[in-house]
Amino acid sequence: VRARGLCGSLLLAGAFVGATWYARGYAPSYAGGFTGAPPAATQTIAWPAGATVNYKHWTGNAAATNVTGGNVTTAVDAAFASINAASGLAFTNNGTQAGTGAAASDSINMVTFANVAANTAAVGGALAITAFYYTIPSYQITEIDMVFNPSFTFTTNATSGQYDLQSVATHEAGHAAGLDHSPLCDATMFPFAYPNQTLLRSLEKDDVAGLRQLYPTAPLVFPLGYGTVTGQINLSTGGGAAGAHVFLTDAVRGTTGPGALTKPSGAFTIAGVPVGIYRLNVEPVNSPMSTSNLGLAGWSGVSFSTNFKTATLGGATPTLLAVKSGVTTTAAALTVTNTAPTLNPTAATTSSPATGAFGFSSGRPAVVAPGYAQFLQLWGAGFNALPDGAFSFDSPYVTITGPSTMNGTLAGSAFKQFPISVAAEAPAGGYAFKVVNAGETAFGAGLLSVSAPTTPVAAVTTYGASCPTTNPIVFATTGGAPSVGNAAFAIRATGTTPGRSVFFLLSIAPDAFVTAGNFSGASSCSILVDLNALVVPFPGFALTASTTTTTQPLAIPPVPGFSGLDVYAQAAEVDGGTGAIKLSQGALIAVR
Ligand SMILES: [Zn+2]
Numbered sequence: 394v395r396a397r398g399l400c401g402s403l404l405l406a407g408a409f410v411g412a413t414w415y416a417r418g419y420a421p422s423y424a425g426g427f428t429g430a431p432p433a434a435t436q437t438i439a440w441p442a443g444a445t446v447n448y449k450h451w452t453g454n455a456a457a458t459n460v461t462g463g464n465v466t467t468a469v470d471a472a473f474a475s476i477n478a479a480s481g482l483a484f485t486n487n488g489t490q491a492g493t494g495a496a497a498s499d500s501i502n503m504v505t506f507a508n509v510a511a512n513t514a515a516v517g518g519a520l521a522i523t524a525f526y527y528t529i530p531s532y533q534i535t536e537i538d539m540v541f542n543p544s545f546t547f548t549t550n551a552t553s554g555q556y557d558l559q560s561v562a563t564h565e566a567g568h569a570a571g572l573d574h575s576p577l578c579d580a581t582m583f584p585f586a587y588p589n590q591t592l593l594r595s596l597e598k599d600d601v602a603g604l605r606q607l608y609p610t611a612p613l614v615f616p617l618g619y620g621t622v623t624g625q626i627n628l629s630t631g632g633g634a635a636g637a638h639v640f641l642t643d644a645v646r647g648t649t650g651p652g653a654l655t656k657p658s659g660a661f662t663i664a665g666v667p668v669g670i671y672r673l674n675v676e677p678v679n680s681p682m683s684t685s686n687l688g689l690a691g692w693s694g695v696s697f698s699t700n701f702k703t704a705t706l707g708g709a710t711p712t713l714l715a716v717k718s719g720v721t722t723t724a725a726a727l728t729v730t731n732t733a734p735t736l737n738p739t740a741a742t743t744s745s746p747a748t749g750a751f752g753f754s755s756g757r758p759a760v761v762a763p764g765y766a767q768f769l770q771l772w773g774a775g776f777n778a779l780p781d782g783a784f785s786f787d788s789p790y791v792t793i794t795g796p797s798t799m800n801g802t803l804a805g806s807a808f809k810q811f812p813i814s815v816a817a818e819a820p821a822g823g824y825a826f827k828v829v830n831a832g833e834t835a836f837g838a839g840l841l842s843v844s845a846p847t848t849p850v851a852a853v854t855t856y857g858a859s860c861p862t863t864n865p866i867v868f869a870t871t872g873g874a875p876s877v878g879n880a881a882f883a884i885r886a887t888g889t890t891p892g893r894s895v896f897f898l899l900s901i902a903p904d905a906f907v908t909a910g911n912f913s914g915a916s917s918c919s920i921l922v923d924l925n926a927l928v929v930p931f932p933g934f935a936l937t938a939s940t941t942t943t944t945q946p947l948a949i950p951p952v953p954g955f956s957g958l959d960v961y962a963q964a965a966e967v968d969g970g971t972g973a974i975k976l977s978q979g980a981l982i983a984v985r
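Numbering (this note's numbering), first residue to last: 394 to 985.
This is how it looks when you write it as structure tokens:
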């Protein structure tokens, strides 16, 4: 991972490429760069599934002079633990090792902060590098060495202006597991890190998907399972688009990822996609990340396609792709116009009237908590001259709430500042802001990151005085079978009380909607909603019950991808007062 400083200046930009060192998501690392190597971008490199990988801390790490706060071992071990949880590997701290360097293949997996010439030469201008060695023809990794740059100061106690050690180490541990860099700006495997940034500590969907591709038997991070999306990106002038960034956007929530890079043929496979409904976009890898940030040995001879305009499958009416557990969904081929793009989002920064922040770091996302209601500066060349209407978020949870309040230019980039609102129940993860001008669209994919809420469930609403659902709502369906394209389909709840509020939720889990709290009925009660399982955004369909039977029309879109998708309907009836909540069991509406 490399450092990027404020105002877009690259503090240091030394690339490391060596004969046997390959420090290079979501793209897996590919083998290559030697005589007889497999074709570009075909052969992934990984440890054997479930492998235990013992690593050694250099004996001087605990007292490393370029780490503020100490606790090197704790931070690095926590980083490996994150990768273990999503890969099924067992990177294990196996004590300390004398010696200083990590430049030779010696069958010792070394983590070192030693300030010696061999390490300085190996790390170049990067914050840290991870070298790995693999054998052929198994293409299994046999050794990794993680080297931290003695020229940078890391911190384990949030010292201002320094690099969070656990964040950088988590990125490096991703390399150690076989991942290359990702163009999604909020991903742990994005190639740049910034002072005071802790975002890389947590793996994003993109990182999890990359590990899932390399280690398909890894434990489930997303309990509903994973599917795969494949497809083909073509150039309008003919041929496939090589090394283009294809990324998914959750069509319900608007969160971004995972994504993948196209092969030299233009074909792509995104494995490890959490079950859900997605839109598909493709953009050139043309900054903030560039193709030079990839492990180019594994891409030997590839002429990257970077001179095309961003596109969304289906265009103005995006195609919806249903991703089901264990199933491969094939998207229709998408042809991009290979003329030079004019829009390229580079950063987003938070701002408030009090501070009036004015500066950016190329590629750095704005990180906000759910409920954020201040300002956001959206950066990209020429953005200050675009009309306000050019900017939006494709998410029900993130809204530009008024006209721009400021704009400016800096270091070849420009921004417009808008007031924004991030809903309190916004799911954690990366979001994309969208820019549209003169028929061209571009996304700042992952440039807004919403942090996890402080409570484990994102939406908690307290109602009434008693919780038991002694008279639950009972479901039926009406209007024919729940088949694709059936506009007359509806769900009907009986047992509803005239005058009370009823919420219908559709989810991909049968129990997305539960009550909790005091079940004795003596005090208050909460409804808890698993927002990550919802098919329609919270609070779903809300209506006022007029009779004891309430019907909710639920036209099923004529989208072939919905066929085979298991969807559950649930309803809850509340009055905001003292009456008992009524809550239905989840009813399966299997769309066939
Ligand atoms: Zn890296």
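Beta carbons: idealized from backbone N, C-alpha and C, even for Gly.
Practice task
Helix, strand or coil for Ile949, going by three-state DSSP, please let me know.
Solution key: As a first step, residue 949 is located in the sequence shown; it is residue number 556 there, counting from the start. Residue state, collapsed to three classes: coil.
Exercise for the section: Excluding the 5 residues preceding and the 5 following Gly795 in the sequence, name in chain order all residues of the same chain whose CB lies nearer than 8 Å to its CB. Expected result: Taking the first residue of the sequence shown as 1, we reach residue 795 at position 402. Phe811 and Pro812.
Handout entry: Alpha-carbon to alpha-carbon, Phe784 and Gly494
Key = The count along the sequence shown starts at 1 and reaches residue 494 at position 101. The count along the sequence shown starts at 1 and reaches residue 784 at position 391. If you take the alpha carbons of Gly494 and Phe784, they lie about 49 Å apart.
Exercise for the section: Return helix, strand or coil for Leu604, following the three-state DSSP convention. Expected result: Locating residue 604 in the sequence shown gives position 211, counting from the first residue. It is helical.
Problem - Rounded C-alpha distance that separates Tyr415 from Gln436 - result: Residue mapping note: residue 415 aligns to position 22 of the sequence shown, counting from 1. Residue mapping note: residue 436 aligns to position 43 of the sequence shown, counting from 1. In this prediction, Tyr415 scores a pLDDT of 33, lower than 50, which makes its location untrustworthy; no coordinate-derived value is stated.
Exercise for the section: Have a look at Ala586 and Gly443 and give me their C-alpha separation to the nearest angstrom. Expected result: One-based indexing of the sequence shown puts residue 586 at position 193. One-based indexing of the sequence shown puts residue 443 at position 50. Roughly 29 Å between the two C-alpha positions.
Problem - Where Gly603 falls, given that 16 or more other Cβ within 10 Å makes a residue buried - result: For this step, residue 603 is matched to residue 210 along the sequence shown. Its Cβ being crowded by 16 or more others within 10 Å, Gly603 is buried.
Practice task
Return helix, strand or coil for Ser744, following the three-state DSSP convention.
Solution key: Position 351 of the sequence shown holds residue 744. Of the three classes helix, strand and coil, the one that applies to Ser744 here is strand, per DSSP.
Practice task
Starting from Asn486, trace the beta strand (DSSP E) both ways and give me its first and last residue.
Solution key: The residue given as residue 486 occupies position 93 in the sequence shown. Here the beta strand (DSSP E) through Asn486 covers Ala483 to Gln490.
Exercise for the section: Check whether the region 420-434 touches the region 602-621, counting contact only when three or more Cβ pairs, one atom from each stretch, lie closer than 8 Å. Expected result: yes
Handout entry: Phe896 - containing beta strand (DSSP E), residue span
Key = Here residue 896 refers to the residue found at position 503 when the sequence shown is read from its first residue. Where Phe896 is concerned, the enclosing beta strand (DSSP E) stretches over Ser894 to Ser900.
Problem - Start-end ranges of the beta strand (DSSP E) lying completely within the region 464-538, minimum 3 residues - result: Listed in chain order, they are 483-490, 502-505 and 521-528.
Handout entry: Inter-residue Cα distance where the pair is Trp692 and Ser683
Key = For this step, residue 692 is matched to residue 299 along the sequence shown. For this step, residue 683 is matched to residue 290 along the sequence shown. Using only the alpha carbons, I get a separation of about 13 Å.
Exercise for the section: Determine the closest residue to Pro763 out of Pro746, Asn777, Thr723 and Glu818, with distance taken between C-alpha atoms. Expected result: Start at 1 with the first residue of the sequence shown, and residue 763 comes out as number 370. Among Pro746, Asn777, Thr723 and Glu818, the Cα nearest to that of Pro763 is on Glu818.
Problem - Status (buried if at least 16 other CB within 10 Å, exposed otherwise) for Asn731 - result: Residue numbering aside, residue 731 sits at position 338 when the sequence shown is read from its first letter. Buried is the call here.
Exercise for the section: Would you check if the region 632-644 and the region 658-672 touch, i.e. whether three or more CB-CB distances between them fall below 8 Å? Expected result: yes
Practice task
Tell me, to the nearest whole angstrom, how far the beta carbon of Ala471 is from that of Gln555; I am working on the premise that it is less than 8 Å.
Solution key: The residue given as residue 471 occupies position 78 in the sequence shown. The residue given as residue 555 occupies position 162 in the sequence shown. Not confirmed; about 17 Å, so no contact.
Exercise for the section: Could you have a look at Glu833 and say whether DSSP puts it in helix, strand or coil? Expected result: The sequence position of residue 833 within the sequence shown is 440, counting from 1. Correct three-state label for Glu833: strand.
Exercise for the section: Confirm the yes/no value for this check: CB of His450, any heavy atom of ligand 1, distance under 7 Å. Expected result: As a position in the sequence shown, residue 450 is number 57, starting the count at 1. Outside the cutoff, so no.
Handout entry: With 16 other Cβ atoms within 10 Å as the buried cut-off, status of Asn550
Key = Your numbering for residue 550 matches position 157 in the sequence shown. That one is exposed.
Practice task
Check whether the Cβ of Pro746 lies closer than 7 Å to any heavy atom of ligand 1, and answer yes or no.
Solution key: For this step, residue 746 is matched to residue 353 along the sequence shown. Result no, Cβ not under 7 Å from ligand 1.
Practice task
Tell me, please, which residues DSSP counts as bridged to Thr621.
Solution key: Counting from one through the sequence shown, the residue named residue 621 turns up at place 228. Partner(s): Thr721.
Problem - Cβ-Cβ distance between Glu355 and Phe836 below 8 Å - result: The question about residue 355 has no answer here: the residues shown for the chain are numbered 394 through 985.
Practice task
Give the secondary structure of Glu676 by DSSP, where H, G and I count as helix, E and B as strand, and everything else as coil.
Solution key: Stepping through the sequence shown from its first residue, residue 676 is reached at position 283. Strand, per DSSP.
Practice task
Determine the direct distance from the alpha carbon of Ala962 to that of Asn627, and round the result to whole angstroms.
Solution key: Residue 627 sits at position 234 when you count from the first residue of the sequence shown. Residue 962 sits at position 569 when you count from the first residue of the sequence shown. Roughly 39 Å between the two C-alpha positions.
Handout entry: Beta bridge counterpart(s) of Asp599 as assigned by DSSP
Key = Translated into positions along the sequence shown, residue 599 becomes position 206. Answer is none; Asp599 lacks a bridge partner.
Exercise for the section: Using 10 angstroms around the beta-carbon of Ala816, count the other beta-carbons present and answer buried if the total reaches 16, otherwise exposed. Expected result: Reading the sequence shown from its first residue, position 423 is the one you call residue 816. Label assigned to Ala816: buried.
Practice task
Counting only the same chain and skipping the five closest in sequence on each side, list residues whose C-beta sits under 7 Å from that of Thr699.
Solution key: If you number the sequence shown from 1, residue 699 lands on position 306. Excluding sequence neighbours, Thr699 sits near Pro677, Val678, Asn679 and Thr684.
Problem - Span separating the alpha-carbon of Thr854 from that of Ala766 - result: Residue mapping note: residue 854 aligns to position 461 of the sequence shown, counting from 1. Residue mapping note: residue 766 aligns to position 373 of the sequence shown, counting from 1. With a pLDDT of 44 at Thr854, under the threshold of 50, the predicted position of this residue should be treated as unreliable, though the coordinate-derived value follows. Taking the straight line from one Cα to the other gives about 20 Å.
Problem - Straight-line Cα distance separating Tyr619 from Gly467 - result: Along the sequence shown, one-based indexing puts residue 467 at 74. Along the sequence shown, one-based indexing puts residue 619 at 226. Per the sequence shown, residue 467 should be read as Thr rather than Gly. Computed Cα separation, rounded: 31 Å.
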